[in-house]
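Position one of the sequence shown corresponds to residue 89 (the numbering used here), numbered consecutively onward. Every residue gets a Cβ at the ideal spot worked out from N, C-alpha and C, and that includes glycine. One structure is given below, encoded as structure tokens.
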Amino acid sequence: MHIRGDHAELVVGGRLDVRSAADARTVLHSAVDDGVGDLILDLSELDSWDATGLGVIMGAHRRAGRCGRRLVLRDVPPQMQRLLVATRLHRILAIEGGIGVESLPRV
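As structure tokens, this is what we get:
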């Protein structure tokens, strides 16, 4: 897993899973705490995430809200879009451009 960027926009790549969760949490919380306005998470380079990785995203979302910020997901890969829809988190998280639920293949 790698994360690059600053307190306004981060690009997340690789696998966001139980092995990378602690490092990702540290980087995301620092970015939330150090900035103002929307924090964009570009997920275009993300290969996969598991429940732990999704928990890290939700934790950053809650922390951003407490800091008066908004966490916005950008370029969510289709596989991860399906997971957000299945868990109904697409209704909670801000997703740039939204998710075209009707266009996602059924699993």
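May I ask you to report which of helix, strand or coil DSSP gives residue i?
i: R107; result: coil
i: A182; result: strand
Which residues does DSSP pair with residue i in a beta bridge?
i: R158; result: Looking at the DSSP assignment, R158 forms no beta bridge with any residue, so it has no partner.
i: G101; result: H90, E133
i: L127; result: L159
Considering only the alpha carbon of each residue, which of the options lies closest to residue i?
i: L177; options: G93, R157, R150, C155; result: R150
i: L172; options: A139, G147, A148, G153; result: A139
i: D105; options: G141, A112, T175, E133; result: G141
i: M146; options: H90, D135, V120, G185; result: V120
i: R107; options: L131, D94, W137, S132; result: W137
i: D135; options: A152, V160, P165, D122; result: P165
Given a cut-off of 8 Å on the beta-carbon distance, is the pair residue i and residue j in contact?
i: V144; j: A112; result: yes
i: R103; j: G125; result: no
i: D226; j: L98; result: Because the chain is modelled from 89 through 195, residue 226 falls outside the range shown and cannot be assessed.
Return the Cβ separation of residue i and residue j in integer angstroms, given the expectation that the two are a contact with Cβ distance under 8 Å.
i: R154; j: I128; result: At roughly 18 Å, the Cβ-Cβ gap does not stay under 8 Å, so R154 and I128 are not in contact.
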